[in-house]
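*Asks:*
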Amino acid sequence: MSRRAQAYIRLSALQHNLQRVRSLAPERKIMAAIKADAYGHGALKVATALADADALAVATLDEAMQLRWHGEQRAIVLLAGVQSLDDMRTAAEQKLQLVLHDPSQLRLLTELEPVWTLAVWIKLDTGMHRLGFPPEQAKELSVLAESKSNVNLLGWMTHLACADDLSHPATTGQINAFKHAVSGLHGARSVANSAGIVAWPETHQDWVRPGIMLYGASPLVGGRATDHGLQPVMSLRSELIAVHTLSAGDGIGYGQTWTCPENMPVGVVGIGYGDGYPRHAPSGTPVLVDGRRVSLIGRVSMDMICVDLREHPDARVGDAVELWGEGIPVEEIAEAAGTISYELFCRLTGRVEIIYSP
Ligand SMILES: *Cc1c(COP(=O)(O)O)cnc(C)c1O
1 MSRRAQAYIR LSALQHNLQR VRSLAPERKI MAAIKADAYG HGALKVATAL ADADALAVAT
61 LDEAMQLRWH GEQRAIVLLA GVQSLDDMRT AAEQKLQLVL HDPSQLRLLT ELEPVWTLAV
121 WIKLDTGMHR LGFPPEQAKE LSVLAESKSN VNLLGWMTHL ACADDLSHPA TTGQINAFKH
181 AVSGLHGARS VANSAGIVAW PETHQDWVRP GIMLYGASPL VGGRATDHGL QPVMSLRSEL
241 IAVHTLSAGD GIGYGQTWTC PENMPVGVVG IGYGDGYPRH APSGTPVLVD GRRVSLIGRV
301 SMDMICVDLR EHPDARVGDA VELWGEGIPV EEIAEAAGTI SYELFCRLTG RVEIIYSP
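Residue numbering for the sequence shown follows this note's numbering, starting at 1 and increasing by one per position.
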């Protein structure tokens, strides 16, 4: 029995997007962000497809261990490091690279038995005010790291808070604060997420850290993948499971929030918020039925959505439906639903079948 909703993942599009990163940030090393199961695309398959990435970045120790268990040999960076001595030993044993961002992690380092060697990045907080040491501590942190024979300081990292907005003044401030803090210190530099890669060349430095752009969505507010030469990787699909002719005045779905203005054909698509389609997508959100754009009408239910078929009166049960992908930019759905493509990707549920193609 096949499931009603499928996410088709085109691996060649991932590879194309990785090449886009290479041409936008030539000569830089690439740390591919594949946290949260590669933004819902499947971390193991994505890691394999991105064989050309220099390193992989994940959020949790579990995510890193899953990759190692499946034989991943490349550098894996734990973007928030670890919180316990046990996890620090595991990270050392598995040759993971840790990002140190908090004094509690420095204390763990002093407790770590000298048999364990750790490769670390140090994260500085230049304005995100989430993780990182104050930039003015960079020099003493560098001295501390270099005084420990079992610590290999790989380099320095910071994260951009507002790079998705080209007119925001914070980014230049962050770039300058970082440059100033690490000036003269040993180690590589890493600043750019996808938005930095596409819009702020100064942030490219030694290592870039692309995430969302690899999956073929624009990192910029109001942007589209095609603006940056990116190809959508995921196509979320389902099918029409019913088609009706309703009468003027009929209300659609829970709350009857949409009323038919005339006698008209209405389709029911086999996908809903139980699959991860956003419940806040309003009436008017585009849906592609059999290659043609129609509009969502009424509220998104758990297992279904309804669509206005007046523009496509020949539509039939079984017709293919795309919710986002090559025909409908995921950014457009995210904007309609008041969220970002990152969240739409990550929130697909286990009910959606993931199908890979080359
Ligand atoms: C997730 C993440 C990235 C990738 O961000 P995108 O906006 O998806 O490109 C880069 N750096 C850090 C520290 C991250 O957590």
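C-beta atoms are modelled at their ideal positions from N, C-alpha and C, and glycine is treated no differently. Bear in mind that the values here come from a model prediction, so they are computed numbers and not experimental data.
(1) Would you please state the rounded distance, in angstroms, between the beta carbons of Glu239 and Gly272? I believe it to be under 8 Å.
(2) How about Asn150 and Thr117: are their beta carbons less than 7 Å apart?
(3) Quick check: the Cα distance between Asp37 and Glu72, rounded to an integer number of angstroms?
(4) Taking all protein chains shown into account, do 16 or more other C-beta atoms lie within 10 angstroms of the C-beta of Gly251, making it buried, or fewer, making it exposed?
(5) Relative to the alpha-carbon of Ala368, which residue among Pro26, Tyr8, Arg299, Leu185 has its alpha-carbon at the smallest distance?
(6) Measuring alpha carbon to alpha carbon, tell me which of Pro232, Pro313, Gln94 ends up nearest Glu322.
(7) Quick check on Thr245: does DSSP put it in helix, strand or coil?
(8) Who are the Cβ neighbours of Arg20 in its own chain at under 8 Å, not counting the five residues just before and after it?
(9) Val120: which of Leu106, Leu131, Glu326, Pro114 sits nearest, CA to CA?
(10) How about His70: is its Cβ closer than 6 Å to a heavy atom in ligand 1?
(11) Taking Cβ to Cβ, would you say Val287 is nearer than 7 Å to Glu311?
(12) Tell me the DSSP secondary structure of Asn152 in three-state form.
(13) On the three-state DSSP scale, how would you describe Met1?
(14) To which residues of the same chain is Leu344 closer than 8 Å at the C-beta, ignoring the five residues directly before and after it?
(15) From the DSSP secondary-structure annotation, give me the bridge partner or partners of Met264.
(16) For Ser104, count neighbouring Cβ atoms within 10 angstroms of its own Cβ and tell me buried if that reaches 16, exposed if not.
(17) Using the beta-carbon count (16 or more within 10 Å), is Tyr254 buried or exposed?
*Replies:* The answer reads as follows:
(1) Sequence index remark: in the sequence shown, residue 239 carries index 239 (1-based). Sequence index remark: in the sequence shown, residue 272 carries index 272 (1-based). Their Cβ separation, rounded to whole angstroms, is 13 Å, which puts Glu239 and Gly272 out of contact at 8 Å.
(2) Numbered from 1 along the sequence shown, position 150 holds the residue referred to as residue 150. Numbered from 1 along the sequence shown, position 117 holds the residue referred to as residue 117. Yes; because the gap between Cβ atoms is below 7 Å, this pair is in contact.
(3) Residue 37 sits at position 37 when you count from the first residue of the sequence shown. Residue 72 sits at position 72 when you count from the first residue of the sequence shown. Their Cα atoms are separated by approximately 15 Å.
(4) Here residue 251 is taken as the residue at index 251 of the sequence shown, counted from 1. Burial call: exposed.
(5) This structure cannot speak to residue 368, because the chain is shown only from 1 to 358.
(6) By one-based count along the sequence shown, residue 322 stands at place 322. Nearest C-alpha to Glu322: Pro232.
(7) Translated into the one-based positions of the sequence shown, residue 245 becomes position 245. Strand at Thr245.
(8) Here the question's residue 20 lines up with position 20 in the sequence shown. Hits under 8 Å: Met213, His228, Gly229, Leu230.
(9) The residue labelled residue 120 in the question sits at position 120 within the sequence shown. Per the Cα distances, Leu106.
(10) Residue mapping note: residue 70 aligns to position 70 of the sequence shown, counting from 1. Answer for His70: no, Cβ out of range of ligand 1.
(11) In the sequence shown, residue 287 corresponds to position 287, counting from 1. In the sequence shown, residue 311 corresponds to position 311, counting from 1. No, these two residues do not count as a Cβ contact at 7 Å.
(12) The residue labelled residue 152 in the question sits at position 152 within the sequence shown. DSSP places Asn152 in strand when its eight states are reduced to three.
(13) Along the sequence shown, one-based indexing puts residue 1 at 1. Model confidence at Met1 stands at a pLDDT of 49, short of 50, so the residue's coordinates are unreliable; what they give is reported in the following sentence. Reduced to three states, the DSSP call for Met1 is coil.
(14) Taking the first residue of the sequence shown as 1, we reach residue 344 at position 344. Hits under 8 Å: Gly276, Pro278, Trp324, Val330, Ile333, Ala334, Ala337.
(15) Mapped onto the sequence shown, residue 264 falls at position 264. For Met264, which the question treats as bridged, DSSP gives the partners Leu246.
(16) As a working note, residue 104 is residue 104 in the sequence shown. So Ser104 counts as exposed.
(17) Position 254 of the sequence shown, counting from 1, holds the residue named residue 254. That one is exposed.
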